[in-house]
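Worksheet: one structure, shown below.
Numbering (mature numbering (1 follows the signal peptide of the UniProt record, and there is no 0)), first residue to last: -21 to -1, 1 to 618.
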């Protein structure tokens, strides 16, 4: 009898614990059946427009609008599509599907509008391979490249009408336009300095720089208006007042051609003292030419350089322009050199650094720099170190560029520092920040610098620093510390590791669906009063970033969806989503308020491999349970 009573008590305790867990769980906002018991959903992802796509073996693909709580398009014929086979075309409302075809090495390429499911392109049984694609924001279009039966082609898609404006054969795919085609690359080229992408010129036509060729394409027909070929790969390009300026990689010359004809404007190229690297606008009639042994200022009207001799400051491709001179950095894999040149073109000083340079900037006290192992400030007068002792950097440093206070916040070796970019001073905010279960070793040093600078290492951990109302939030996968500048800890939270698979945890990395391509290409560009054109001479960088004005001016539902999500992004991200294991052993996700540290929502998972999407633009979680897609509000407190 006693044993029975104890057993009953234990069952009641377990039952009460279960009820407690249920009471803490956030109720679902809505649910939608998709698939069937015989064919449940296999995967789910979210496009940059906010539309969810769900796949199952028998039903193909289904597009769900979370705001309308309903399916808005279906593709039942597209069975067997894997998650990696479908991807956003960044900077557009479109997605590309590489549909496998049994027995065919080519497969089937389909381009759809993710908002309404409209098929814009379908290769069907044609032997087509898609190559690179390039959003052209200023004309609301997308340029795509591919090959068909070993011949290269290009097509232009209009976002407004969901139609192909033209498709043009570019000839044999073995060279020229087809040289870099073949397999799907998945995204635009990421290098900020690369000119291997098109841009729209002042007259609305397309200028395309590819390998050794530079061409102009008629926007209406796709026909080449002209093509010019050179000996070496074409480097940075600048277009201004009907002319195009550029250099060739590995050659010490500078060209100028007419936009209208593609013909050389100068009798012969301008000779440089080193191999061409970059062009930067300086005045209405001058450009700074950067090369492998320094730089100089070229008068475009006389073709004369400002200084008789170029300051020898090493191999430079970017420059900081000051009122009283120029700061440059020669960077190599394991060492660097920072130099200061006055307005007369005389090198005042240079400073060798024994480590790889991560970033540098100019402050009233001198040149602030951070390498892989140390940080300090160099005086403008002599290039001497301002701080007697370097700040030693251990492990993998993380950075926050805090534009609000014109500072850089750095976490390294359990310490949090603030570098005042205006005063050229630093302070230790807090030492010995214990992040439980955080791994900060044996990882690649991938130094991302930005407002949301997240680095992942081999142990699938991450660390992020963020400004939250003037305080600094330091968080890892399982930890949250909110710290005031005085060093006072507002709160510190730790959540037990859910011990889920790497794939499940990695879903949180891409939670911010939509708006990624709208962000600045360099988070450092606004800190320390650096001119906007100092980082590169890239005429085309604006083509990769749609603006709200451009988006709102068009009639495309897809672009309006993108715009709405970007606008929402500015006011969201006020909570952190964390995978965790609760005290009763249940696993799930919690949404934690960044300001207060309070739990805002709690969603329980029924297995270790849940199919879910966190949308931190709209603060929602979409979870597949059985045959249903359920939505949970991450702003709603658990009841």
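Note that CB positions come from ideal geometry on N, CA and C, so glycine has one too.
Extent of the continuous beta strand (DSSP E) run through residue i
i, result
"residue 612", "607 to 612"
"residue 48", "Where residue 48 is concerned, there is no enclosing beta strand (DSSP E), given that its DSSP letter is neither H nor E."
"residue 594", "590 to 594"
"residue 256", "255 to 262"
"residue 395", "394 to 399"
"residue 301", "Note, residue 301: premise wrong, no beta strand (DSSP E); not H, not E."
"residue 22", "20 to 25"
"residue 245", "Unbroken run through residue 245: none, as it is neither H nor E."
"residue 81", "No beta strand (DSSP E) holds residue 81; DSSP gives it neither H nor E."
"residue 44", "39 to 44"
"residue 286", "Where residue 286 is concerned, there is no enclosing beta strand (DSSP E), given that its DSSP letter is neither H nor E."
Residue from the options with nearest C-alpha to residue i
i, options, result
"residue 29", "201, 599, 105 and 476", "599"
"residue 413", "111, 60 and 473", "473"
"residue 456", "558, 324, 183 and 44", "558"
"residue 228", "221, 258 and 386", "258"
"residue 231", "247, 317 and 568", "247"
"residue 393", "400, 372, 381 and 401", "372"
"residue 82", "104, 65 and 326", "104"
"residue 205", "212, 442, 176 and 237", "237"
"residue 408", "263, 415 and 399", "399"
"residue 553", "447, 590 and 264", "447"
"residue 138", "276, 575, 375 and 97", "97"
"residue 272", "117, 254, 327 and 196", "254"
"residue 329", "307, 60, 313 and 278", "307"
"residue 4", "142, 596, 585 and 327", "585"
"residue 55", "108, 37 and 45", "37"
"residue 375", "366, 74 and 391", "391"
"residue 360", "121, 335, 320 and 69", "320"
"residue 197", "239, 354 and 25", "239"
"residue 223", "190, 144 and 279", "279"
"residue 249", "34, 282 and 260", "282"
"residue 48", "62, 20, 8 and 76", "8"
"residue 102", "311, 88, 114 and 10", "88"
"residue 100", "80, 136, 85 and 119", "136"
"residue 337", "345, 313, 318 and 358", "313"
For residue j and residue i, the rounded distance between their alpha carbons
i, j, result
"residue 106", "residue 131", "12 Å"
"residue 39", "residue 6", "29 Å"
"residue 384", "residue 462", "15 Å"
"residue 475", "residue 583", "14 Å"
"residue 303", "residue 148", "52 Å"
"residue 452", "residue 333", "32 Å"
"residue 287", "residue 459", "57 Å"
"residue 71", "residue 112", "10 Å"
"residue 445", "residue 379", "6 Å"
"residue 199", "residue 234", "28 Å"
"residue 397", "residue 299", "22 Å"
"residue 532", "residue 382", "Confidence at residue 532 is low in this model, with a pLDDT of 39, below 50, so its placement is unreliable and the value that follows should be read with caution. Taking the straight line joining both Cα atoms gives about 29 Å."
"residue 125", "residue 555", "41 Å"
"residue 267", "residue 327", "19 Å"
"residue 565", "residue 32", "28 Å"
"residue 212", "residue 18", "52 Å"
"residue 367", "residue 295", "28 Å"
"residue 469", "residue 369", "29 Å"
"residue 265", "residue 603", "59 Å"
"residue 512", "residue 611", "A caution first: residue 512 carries a pLDDT of 31, below 50, which makes its placement in the model unreliable, though a value can still be read off. Cα to Cα, the separation comes out at about 44 Å."
"residue 275", "residue 305", "11 Å"
"residue 24", "residue 567", "19 Å"
"residue 210", "residue 194", "15 Å"
"residue 220", "residue 190", "24 Å"
"residue 614", "residue 597", "10 Å"
"residue 293", "residue 387", "27 Å"
"residue 571", "residue 395", "22 Å"
"residue 349", "residue 270", "24 Å"
"residue 592", "residue 182", "43 Å"
"residue 290", "residue 252", "10 Å"
"residue 140", "residue 20", "32 Å"
8 Å contact criterion, which residue i and residue j should meet: CB distance rounded
i, j, result
"residue 186", "residue 218", "7 Å"
"residue 12", "residue 607", "5 Å"
"residue 324", "residue 285", "7 Å"
"residue 578", "residue 569", "6 Å"
"residue 91", "residue 116", "Actually they are not in contact, since the Cβ atoms of residue 91 and residue 116 sit about 20 Å apart, beyond 8 Å."
"residue 95", "residue 51", "7 Å"
Heavy atom of the ligand FMN within 8 Å of residue i beta-carbon
i, result
"residue 79", "In the structure shown, the ligand FMN is absent, as is every other ligand, since no ligand is present at all."
Mind listing, in chain order, the continuous beta strand (DSSP E) runs of no fewer than 3 residues lying wholly within the stretch 52 to 118?
-> 65 to 67, 73 to 78, 87 to 92, 98 to 101 and 107 to 115
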